[in-house]
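Undergrad: My questions will all concern the structure given below.
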Amino acid sequence: MAQSSRQKSGGQAQNTAGQAKVQGSAAASNYAGLVMRRIQRANRRAAVKGVAMVRFSVTASGALAGVSIARSSGSGKLDGVALAQVRRAAPFPPPPAGARTTFTVRIKGN
13 MAQSSRQKSG GQAQNTAGQA KVQGSAAASN YAGLVMRRIQ RANRRAAVKG
63 VAMVRFSVTA SGALAGVSIA RSSGSGKLDG VALAQVRRAA PFPPPPAGAR
113 TTFTVRIKGN
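Anchor point for the sequence shown: position 34 equals 46 in my numbering, and the numbering is continuous, going up by one each time.
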């Protein structure tokens, strides 16, 4: 079996029998969008105007590690709905290596 002496150009993944040795950061970059889409699908509008900021963390398995109000909407009802929305969206897919696991999301009332 002949071996090639060609060098691979920098920055490209090196393949061995169809398996990538070096992965790009696309999966890590796309993870935040995946998490946000799951939260949007769990949406239940509150009949209260305002915006709550919710901070949460995801474990290596995708479970919700913690959730809290980062900035209150001024309405206990809307804050509760915002927290419940994030909890309903969990569990999330396990984050890929290098992905961010702490997020702050804006939940808007009616």
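No residue lacks a Cβ here, since even glycine has one placed at the ideal position from N, Cα and C. What you are looking at is a predicted structure, and each value in this text was computed from that prediction instead of being measured.
Between the alpha carbons of residue 75 and residue 104, how many angstroms are there, rounded?
TA: Answer to the nearest angstrom: the Cα atoms are 6 angstroms apart.
Undergrad: Which term fits residue 97, buried or exposed, when burial requires 16 or more other beta carbons within 10 angstroms of its beta carbon?
TA: Counting Cβ neighbours within 10 Å, residue 97 comes out buried, since at least 16 surround it.
Undergrad: Assess, as a yes-or-no matter, whether the region 103–119 is touched by the region 55–65 under the definition of 3 or more beta carbon pairs within less than 8 angstroms.
TA: These segments touch.
Undergrad: Please return the same chain residues whose Cβ sits closer than 7 angstroms to the Cβ of residue 55, not counting the five positions on each side in sequence.
TA: Excluding sequence neighbours, residue 55 sits near 97.
Undergrad: Can you tell me the Cα-Cα spacing of residue 47 and residue 109, whole angstroms?
TA: For residue 47 and residue 109, the distance between alpha carbons rounds to 15 angstroms.
Undergrad: Cα separation between residue 69 and residue 114?
TA: Using only the alpha carbons, I get a separation of about 4 angstroms.
Undergrad: Answer yes or no: do residue 58 and residue 111 have a C-beta to C-beta separation smaller than 9 angstroms?
TA: Not in contact: residue 58 and residue 111 (Cβ atoms no closer than 9 angstroms).
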